[in-house]
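Peer 1: Numbering (the numbering used here), first residue to last: 46 to 320. C-beta atoms are modelled at their ideal positions from N, C-alpha and C, and glycine is treated no differently.
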């Protein structure tokens, strides 16, 4: 009996060690190859916490959006940095949708994606995947295909949003990935068209107004097809990027986790998911 117990203890110890080692490997992969959504926007643009300053700044905005946070449809977005997420907790906190990082470039997949993507769905949330774009690494088509093949597919089940492209400052080099405005438009168009061809839906674009104006400009018509997910850590949305007069999602803070609002009702959110 003693030998059996000893063997069982060794097996348990070995299994526990293997599980811990696997978790360490995942976290090492996340730290080395994954950029959290909005981290570069926070780095470059900072946060505007002062409401009086926001109100003053917004008076001169050209954009059509000046809404403050009052939506009843709230959500979060996560990546491998959040590891396994307690989705019941966030549901109890009133979050009803989630975006989950699936991929970056053509060489990284989120090792926590299954738990995060399926867990948000299982608890009742409407969920979507997102891709951190690396225009300096490969074509828009290559990255759209990599995204779709690794979690970014859309399905018309009423609970799955079209995939989102995270378009923000380059965390590894020059802000615009060493591309001119026209080259960036071509890259985004390539991603946009390929994703639509693969899924039957146009992608959502996550970005900030300042990055878009600096790196993309206004020689495009993406506002006609791609829903806008605007990032601005403030009490107000402010000016929108050229080409859009309406936003669908707003990421308004990253404290203590990325929080978002949908610009509409829950039935309208379900309609976006359904297509």
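Cutting at 6 Å between CB atoms, please list the residues of its own chain near residue 311, excluding the five before and the five after it.
Peer 2: As a working mapping, residue 311 is identified with position 266 in the chain shown. 118.
Peer 1: State yes or no: is the beta carbon of residue 124 nearer than 8 Å to at least one beta carbon in chain D?
Peer 2: Looking for chain D here will not work: only one protein chain is present.
Peer 1: Applying the criterion that 16 or more other CB atoms from any shown protein chain within 10 Å of the CB defines a buried residue, is residue 73 buried or exposed?
Peer 2: The residue you call residue 73 lines up with position 28 of the chain shown. By the neighbour-count rule (16 or more Cβ atoms within 10 Å), residue 73 is not buried but exposed.
Peer 1: Does residue 296 come out as helix, strand or coil in the three-state DSSP assignment?
Peer 2: Against the chain shown, residue 296 aligns to sequence position 251. Of the three classes helix, strand and coil, the one that applies to residue 296 here is strand, per DSSP.
Peer 1: Taking residue 132 as the reference, which of 157, 161 and 302 has the closest Cα?
Peer 2: As a working note, residue 132 is residue 87 in the chain shown. Residue 132 has its Cα closest to that of 161, out of 157, 161 and 302.
Peer 1: For the beta strand (DSSP E) containing residue 247, name the first residue and the last one.
Peer 2: Counting from 1 along the chain shown, the entry for residue 247 is found at position 202. Element bounds for residue 247: n/a, residue is neither H nor E.
Peer 1: So if DSSP puts residue 146 in a beta bridge, which residue, or which two residues, is it bridged to?
Peer 2: Counting from 1 along the chain shown, the entry for residue 146 is found at position 101. Residue 146 pairs with 175.
Peer 1: On the CB-based measure, 16 or more other CB atoms within 10 Å of its CB, does residue 97 come out buried or exposed?
Peer 2: Locating residue 97 in the chain shown gives position 52, counting from the first residue. Confidence at residue 97 is low in this model, with a pLDDT of 33, below 50, so the placement of that residue is unreliable and no value is reported for it.
Peer 1: Is the stretch 84-92 touching the stretch 155-171 in the sense that three or more CB pairs, one from each, lie closer than 8 Å?
Peer 2: The stretch 155-171 vs the stretch 84-92: no contact.
Peer 1: Among the candidates 212, 135 and 294, whose CA atom is the shortest distance from the CA of residue 229?
Peer 2: Sequence index remark: in the chain shown, residue 229 carries index 184 (1-based). For residue 229, the nearest C-alpha among the options comes from 212.
Peer 1: For residue 199, tell me which candidate among 221, 309 and 247 has the shortest Cα-Cα distance.
Peer 2: Residue numbering aside, residue 199 sits at position 154 when the chain shown is read from its first letter. The option with the nearest alpha carbon to residue 199 is 247.
Peer 1: Pull the bridge partners of residue 140 from the DSSP assignment, please.
Peer 2: Taking the chain shown and counting its residues from 1, one reaches residue 140 at position 95. For residue 140, which the question treats as bridged, DSSP gives the partners 119.
Peer 1: Determine the DSSP secondary structure at residue 281, reduced to helix, strand or coil.
Peer 2: For this step, residue 281 is matched to residue 236 along the chain shown. Residue state, collapsed to three classes: strand.
Peer 1: Quick check on the DSSP output: the beta strand (DSSP E) that includes residue 211 runs from which residue to which?
Peer 2: For this step, residue 211 is matched to residue 166 along the chain shown. From DSSP, the beta strand (DSSP E) with residue 211 extends over 209-211.
Peer 1: Going by the CB atoms, is the gap between residue 302 and residue 274 shorter than 8 Å?
Peer 2: Counting from one through the chain shown, the residue named residue 274 turns up at place 229. Counting from one through the chain shown, the residue named residue 302 turns up at place 257. Contact flag unset, no.
Peer 1: Check whether the stretch 275-288 and the stretch 168-180 touch, using three or more Cβ-Cβ pairs below 8 Å as the test.
Peer 2: In short, these stretches do not touch, since the Cβ pair count stays below three.
Peer 1: Do the stretch 239-246 and the stretch 191-206 make contact, defined as three or more Cβ pairs closer than 8 Å?
Peer 2: The stretch 239-246 vs the stretch 191-206: in contact.
Peer 1: How would you call residue 139, buried or exposed, if buried means at least 16 neighbouring beta carbons within 10 angstroms?
Peer 2: Start at 1 with the first residue of the chain shown, and residue 139 comes out as number 94. Flag for residue 139 reads exposed.
Peer 1: For a test of the three-state rule: what should DSSP assign to residue 126, helix, strand or coil?
Peer 2: Counting from one through the chain shown, the residue named residue 126 turns up at place 81. Residue 126: helix per DSSP, three-state reduction.
Peer 1: Going by DSSP, name the residue or residues bridged to residue 273.
Peer 2: As a position in the chain shown, residue 273 is number 228, starting the count at 1. DSSP output for residue 273 lists 250 as bridge partner(s).
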